[in-house]
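Note sheet for the following structure.
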Amino acid sequence: MNEELRQHPSWMREFDHTADLGVEIEASNIEQLFERTAYAMFWLIADVDDVESDISIPIEIDAEDIDALMVAWLSELNYRHQVDGLVFSSFQVEQISDSFLHGTAIGEGISHGRPRVFGEIKAVTYHDLQVGCDGERCRARVIFDI
Amino acid sequence: MKQVQIRQIEPYLWEIPRSGDMIVPARIYATRKMMRDILKDRAAEQARNVAHLPGIVKASLAMPDIHWGYGFPIGGVAAFDANGGVISPGGVGYDINCGVRLMASNLQRSDVADALHPIVNQLFKWVPTGVGSAGALRVSVPELQEAAVDGARWAVRKGYGSADDLAFIEESGQIDGADVSAISHRAWKRGAPQLGTLGSGNHFLEFGYVDEVFDDGAAAALGLQLDQVTLIIHTGSRGFGHQTCEDNLSVMDGAMRKYGMKLPDRQLACAPIRSAEGQRYLGAMNCAVNFAFANRQIIAHNARRAFCEALGIGEAELGLRTVYEVAHNIAKFESHVIDGEARDVCVHRKGATRAFGPGSASVPARYRGVGQPVLVPGDMGRYSYVLVGTERAMQDTFGSTCHGAGRQMSRRKAAKTAQHRDIKAELEERGIVVRGASRRTINEELPEAYKDVAEVVETCQMAGISKKVARLIPLGCIKG
Chain W
1 MNEELRQHPS
11 WMREFDHTAD
21 LGVEIEASNI
31 EQLFERTAYA
41 MFWLIADVDD
51 VESDISIPIE
61 IDAEDIDALM
71 VAWLSELNYR
81 HQVDGLVFSS
91 FQVEQISDSF
101 LHGTAIGEGI
111 SHGRPRVFGE
121 IKAVTYHDLQ
131 VGCDGERCRA
141 RVIFDI
Chain F
1 MKQVQIRQIE
11 PYLWEIPRSG
21 DMIVPARIYA
31 TRKMMRDILK
41 DRAAEQARNV
51 AHLPGIVKAS
61 LAMPDIHWGY
71 GFPIGGVAAF
81 DANGGVISPG
91 GVGYDINCGV
101 RLMASNLQRS
111 DVADALHPIV
121 NQLFKWVPTG
131 VGSAGALRVS
141 VPELQEAAVD
151 GARWAVRKGY
161 GSADDLAFIE
171 ESGQIDGADV
181 SAISHRAWKR
191 GAPQLGTLGS
201 GNHFLEFGYV
211 DEVFDDGAAA
221 ALGLQLDQVT
231 LIIHTGSRGF
241 GHQTCEDNLS
251 VMDGAMRKYG
261 MKLPDRQLAC
271 APIRSAEGQR
281 YLGAMNCAVN
291 FAFANRQIIA
301 HNARRAFCEA
311 LGIGEAELGL
321 RTVYEVAHNI
331 AKFESHVIDG
341 EARDVCVHRK
351 GATRAFGPGS
361 ASVPARYRGV
371 GQPVLVPGDM
381 GRYSYVLVGT
391 ERAMQDTFGS
401 TCHGAGRQMS
411 RRKAAKTAQH
421 RDIKAELEER
431 GIVVRGASRR
441 TINEELPEAY
451 KDVAEVVETC
461 QMAGISKKVA
471 RLIPLGCIKG
């Protein structure tokens, strides 16, 4: 499908940033917030609906606080995408604290032009970053350098 | 948006006065009309945030192409005391040494009029373009380490272009102080397949012709004349630079706590220049600076091959020589006179161009009488400008000026605007052949997404921080 015509998941909102791209994500718990934000990042650059679950990669992240943990989690996934040519469409956060995350990313390798990748995230920024929960309402706001 | 108090202090200069923990004021070059637009997003607030960084001298500056970045605004210039100041990866950006090379040929516009498609197609063939573009050449990590130390010189040694190019590149295409031990395994891995590639986003190769000359003397010194065919290369250090910035941002984050620094935006994370963290970033950044110099040198060489193949001529007949190449995402040590006293400072330019005036020893001898050439690309439908630096820039902006048109439309808005249009066909009707790695890139980069670069350069000229030399009109363009 033409990427410009796709519908966002209901819990995801893109917002304008003059040079780059931002997303706001809502979730009902912190695990889901990290899973959904990772999904949103790949949604922005690839046909995530067309990704097979061929490869499962365990990911472990240590960071100083919850904001840095989000940046490190997304950066790690983007690195695996850029260097190993993997596209992920499913994520499981199994353990998470303010400074540690253990999870799994599931997807497939790019081969013969599929899954289709139509964008590039150069980096995940700290600018205007918001990550947190208020009771059962969790929210993340992330700006990507594209 | 936080309230920004701003006042006009000169016809083309605005100031956010010092308040709170600001160390210096913030100053933005703009017309009144531009300032209304600038205040619509958070760029001015970002210029003010930069004024909080330890060791900043004189003012946090922003050029007329200022727009909302992350941490520093795009278009930001800030100088820090070389001993007591800080260095900030956010002040350089992810695409370290993103920059522009201008080349000028022996050809006239009429020589290429019937070959626009073949030239664009050959450029597309010779210069890998687009998302994750790779494969121009494969280099081993030891070879990449040499490139990270020797920059464009390495590329010339490997047979890409000639030594004649080097004299006309900022820093002669190689900066000292590269420390390969400061580069992560990940950065080497990301960089290895990407030398000689254009990448995505706003990067491009564009050929066109000189349409107007504003300063005959300066144009003659730069070897530019009406109707002459030119080429612009805009790209940077690719994934190597992005990874280097990312690696160091987390180090700086720790340094902020270690040195007890508190700033309004975490993306401004920095460390004292003389600290271990600061020195490590400098060593790593200089590797990425050299990677970008090598990258553009390889692309310049391959662009020559593309022209020769498309036109069936030899390199001597083509005569595509480097006029000048500038870096516009970089931090460098320079000496500037501040309040009547010469001081060594580390100048951060993020989306801003060095524009040294006449007489500067850093300007190639051939141009020293007129000042350093500055290339200011516009958008793919209108025009680009060639400027030279001025003495006034040396006094007021640490020898800096604008770097481009500056976006006025987000990528999302641009894609929406272009959704039901055929931008490629629209441009072709105007005599401009465009080929992109994807329709999406072309749509996101549609001409209206950018400010009119003519207003930006006019503002720089009126403010006295650079001088117009010539205007270039595009004929063909490849986009990432």
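Each protein sequence line maps, in turn, to chains W and F.
The numbering used here numbers the first residue of the first sequence as 1 and each following residue consecutively.
The numbering used here numbers the first residue of the second sequence as 1 and each following residue consecutively.
The beta carbon of each residue, even a glycine, is placed where N, CA and C say it ideally should be.
- Residues of chain W whose Cβ lies closer than 8 angstroms to the Cβ of F/W68 are, in chain order, H17, T18 and A19.
- Under the 9 angstroms criterion on CB atoms, W/D49 is classed as non-interfacial with respect to chain F.
- Per DSSP, F/R407 lies in no beta strand (DSSP E) segment and is marked neither H nor E.
- DSSP, read as helix, strand or coil, puts F/Q174 in coil.
- Within the segment 125-142 of chain W, the residues whose Cβ lies closer than 8 angstroms to some Cβ of chain F are T125, Y126, H127, D128 and L129, listed in chain order.
- The DSSP-derived three-state label of F/V4 is coil.
- According to the DSSP assignment, F/H348 belongs to no alpha helix (DSSP H) but to the beta strand (DSSP E) extending over E341 to K350.
- In this structure, F/G199 sits away from F/R138, with a CB-CB distance that is not shorter than 9 angstroms.
- In summary, W/A46 is buried, with 16 or more beta-carbon neighbours lying within 10 Å of its beta-carbon over all protein chains present.
- Straight through space, the alpha carbons of W/G107 and W/L77 are spaced by roughly 11 angstroms.
- In the same chain as F/Q46, and ignoring 5 residues on each side of it, the C-beta atoms closer than 6 angstroms to its own belong to P73, in chain order.
- Segment contact: the segment 5-17 of chain F against the segment 47-59 of chain W, fewer than three CB-CB distances shorter than 8 angstroms; contact not assigned.
- Interface criterion met: the Cβ of W/Q82 is under 9 angstroms from a Cβ in chain F.
- A direct Cα-to-Cα measurement between F/I6 and F/M35 gives close to 10 angstroms.
- Within the DSSP secondary-structure output, F/L61 pairs in a beta bridge with F/R27 and F/V77.
- Within chain W, the C-beta atoms nearer than 7 angstroms to that of F/Q267 come from T125, Y126 and H127, in chain order.
- Looking at the DSSP output, W/H102 bridges to W/E60 and W/Q95.
- Sequence-distant Cβ neighbours of F/D150 in its own chain, meaning closer than 7 angstroms and more than five residues away, are Q174 and N290.
- Between F/A62 and F/G71, the C-beta spacing is not below 9 angstroms.
- The beta carbons of F/R296 and F/T235 sit closer together than 9 angstroms.
- In terms of Cβ geometry, W/G22 and W/F118 do not form a close pair [threshold 9 angstroms].
- Among the CB atoms of chain W, one or more fall inside 9 angstroms of the CB of F/G71.
- It is roughly 37 angstroms from the alpha-carbon of F/A78 to the alpha-carbon of W/L33.
- According to the DSSP secondary-structure assignment, F/T230 is paired through a beta bridge with F/A104 and F/G208.
- For F/N443, the secondary structure class from DSSP, reduced to helix, strand or coil, is helix.
- The alpha carbon of F/L446 has as its nearest neighbour, out of F/V456, F/R407, F/L475 and F/Y209, the alpha carbon of F/R407.
- In this chain, the beta strand (DSSP E) harbouring F/S466 covers S466 to K479.
- In the DSSP assignment, F/L282 falls outside any beta strand (DSSP E) and lies within the alpha helix (DSSP H) extending over A276 to L311.
- The C-beta of F/P142 has fewer than 16 other C-beta atoms within 10 Å across all chains shown, which makes the residue exposed.
- Within the DSSP secondary-structure output, F/K332 pairs in a beta bridge with F/V347.
- Here DSSP, grouped into helix, strand and coil, assigns W/W43 to helix.
- Shortest Cα-Cα distance from F/G283 to any of F/A414, F/A393 and F/A178 involves F/A178.
- Straight across, the Cα-Cα distance linking F/A155 with F/L231 is about 19 angstroms.
- F/E341 sits exposed, since fewer than 16 C-beta atoms from the chains shown fall within 10 Å of its C-beta.
- By the neighbour-count criterion, in which 16 or more other beta carbons inside 10 Å mark a residue as buried, F/N83 falls on the exposed side.
- F/G99 is bridged by DSSP to F/T235 and F/A327.
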